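S.K.:
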Amino acid sequence: DVVLTQTPPTLSATIGQSVSISCRSSQSLLHSNGNTYLHWLLQRPGQSPQLLIYLVSRLESGVPNRFSGSGSGTDFTLKISGVEAEDLGVYYCVQGTHAPWTFGGGTKLELK
Amino acid sequence: QVQLKESGPVLVQASETLSLTCTVSGFSLTNYGVIWVRQPPGKGLEWMGIIWRNGNTDYNSALKSRLSINRDTSKSQVFLKMNSLQTDDTAIYYCTRSWDYWGQGVMVTVSS
C-alpha cells in the first residue's frame with residue numbers, strides 16, 4: 595500500500611502567519627492517465643472533513659484562496675498564506691492513484 | 048442542494064454484521080461515485096471502499112473479505128455491510144461523494 599507521510603504532525607501558528615504542510619508518498623502518484631490523484635482535506639473539531647484542494651493544486655469551490663497546493667510525483671505541499679482562526683483543525687492528504695486509497699496521518703494546526 | 052446522510056445502528060455486538068445506509072440527494076448515483084471512510088475515536092481517516100457511478104466497486108484490501116458496498120439508484124441509497132465485527136471496528140463511519148460532499152457521519156460502537 596502507498597504510505598503518505600505528513601509533516602509536521604503538529605503545527606503551531608499565529609493568526610496571519612503563513613504555514614506549509616508536507617505530504618510525501620512512498621510511490622509516485624502520477625496515474626497512467628496523466629492525472630495525479632492527491633487531495634487535501636481539513637477536519638475541524640467535531641466536524642466531517644471538507645475538501646480544500648483536489649488533483650494537487652485545484653482549489654475546491656468556496657475555499658478561500660489563501661489555501662494553495664503544489665507538488666508532483668512523491669512530494670506535495672499545502673500552503674496557507676495567512677492563517678485565520680477558522681483554519682484550525684487537522685489537515686489530511688489522501689491519494690486515489692493506487693488502490694487501496696490511503697490517507698496521510700494528519701497535521702494538527704493549533705493557535706500559538 | 049447536495050446532501051448525504053448516513054444511518055444505521057449505533058451499537059453492534061462483536062461478531063455481528065454492520066449495515067449502514069447512505070441516503071443522498073441533489074445528485075444521481077449514476078453520475079458520481081460514493082466513498083465510505085471511517086475514523087476510530089481520536090484517530091485518523093481510513094478509506095474503506097467506493098462504489099463507482101457504473102456500479103463497480105473497489106475495497107480496501109484489509110477489509111475486503113468482510114465488506115460489501117451496494118446501491119439502489121431508484122432510492123438514491125448506498126449500502127455498506129461489514130461482517131465479523133470486532134471492537135476495533137468502533138468508529139465514525141462517513142460516506143462522501145468523491146470527497147467534495149460529506150455526510151455528518153454515524154458513530155458505531157462495537158460491544159464485546
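Residue numbers (my numbering), protein chains in the order written: chain A, 595 to 706; chain B, 48 to 159.
Here a beta-carbon is modelled for each residue, glycine too, at the ideal position from N, C-alpha and C.
Note that this is a predicted model, so its numbers are computed, not measured.
Indicate whether residue 676 of chain A and residue 611 of chain A have their beta-carbon atoms separated by less than 9 Å.
M.R.: One-based indexing of the first sequence puts residue 676 of chain A at position 82. One-based indexing of the first sequence puts residue 611 of chain A at position 17. Their beta carbons are under 9 Å apart, which means residue 676 of chain A touches residue 611 of chain A by this criterion.
S.K.: Between which two residues does the beta strand (DSSP E) containing residue 138 of chain B stretch?
M.R.: As a position in the second sequence, residue 138 of chain B is number 91, starting the count at 1. 138-144 is the span of the beta strand (DSSP E), which, as asked, contains residue 138 of chain B.
S.K.: From the DSSP output, read off the bridge partner residues of residue 633 of chain A.
M.R.: Sequence index remark: in the first sequence, residue 633 of chain A carries index 39 (1-based). Paired residue(s): A:688.
S.K.: If the criterion is Cβ atoms closer than 9 Å, does the pair residue 132 of chain B and residue 69 of chain B meet it?
M.R.: As a first step, residue 132 of chain B must be located in the second sequence, where it is residue number 85. As a first step, residue 69 of chain B must be located in the second sequence, where it is residue number 22. No, Cβ-Cβ distance for residue 132 of chain B and residue 69 of chain B is not below 9 Å.
S.K.: Taking any Cβ of chain A, which residues in the stretch 115-146 of chain B have a Cβ under 7 Å from it, in chain order?
M.R.: Listed by position, the residues of the stretch 115-146 of chain B near chain A (Cβ gap below 7 Å) are 141, 146.
S.K.: Which class does residue 61 of chain B belong to by DSSP, given the choice of helix, strand or coil?
M.R.: For the purposes of this step, residue 61 of chain B is identified with residue 14 of the second sequence, where counting begins at 1. Coil, per DSSP.
S.K.: Reducing DSSP to helix, strand and coil, say where residue 120 of chain B ends up.
M.R.: Residue mapping note: residue 120 of chain B aligns to position 73 of the second sequence, counting from 1. Of the three classes helix, strand and coil, the one that applies to residue 120 of chain B here is coil, per DSSP.
S.K.: Which term fits residue 629 of chain A, buried or exposed, when burial requires 16 or more other beta carbons within 10 angstroms of its beta carbon?
M.R.: Counted from its first residue, the first sequence places residue 629 of chain A at position 35. Answer is exposed; the Cβ neighbour count stays below 16.
S.K.: So is residue 647 of chain A buried or exposed if we call it buried at 16+ other beta carbons inside 10 Å?
M.R.: Sequence index remark: in the first sequence, residue 647 of chain A carries index 53 (1-based). So residue 647 of chain A counts as buried.
S.K.: With DSSP as the reference, identify every bridge partner of residue 45 of chain B, one or two as the case may be.
M.R.: With chain B covering 48 to 159 only, the question about residue 45 of chain B has no answer from this structure.
S.K.: What does the Cβ neighbour count give for residue 609 of chain A, buried or exposed, with the cut at 16 atoms within 10 Å?
M.R.: To locate residue 609 of chain A, count along the first sequence from 1; it is residue 15. Exposed: under 16 other Cβ atoms inside 10 Å.
S.K.: Applying a beta-carbon distance threshold of less than 7 Å, which residues of chain A neighbour residue 107 of chain B?
M.R.: Translated into positions along the second sequence, residue 107 of chain B becomes position 60. Chain A residues near residue 107 of chain B: 694.
S.K.: Grouping DSSP H, G and I as helix and E and B as strand, with all else coil, what is residue 668 of chain A?
M.R.: Start at 1 with the first residue of the first sequence, and residue 668 of chain A comes out as number 74. If DSSP states are grouped into helix, strand and coil, residue 668 of chain A belongs with coil.
S.K.: Find the nearest neighbour of residue 153 of chain B within the set B:116, B:138, B:144, B:145, judged by alpha-carbon distance.
M.R.: Against the second sequence, residue 153 of chain B aligns to sequence position 106. Ranking the options by Cα distance to residue 153 of chain B, first place goes to B:138.
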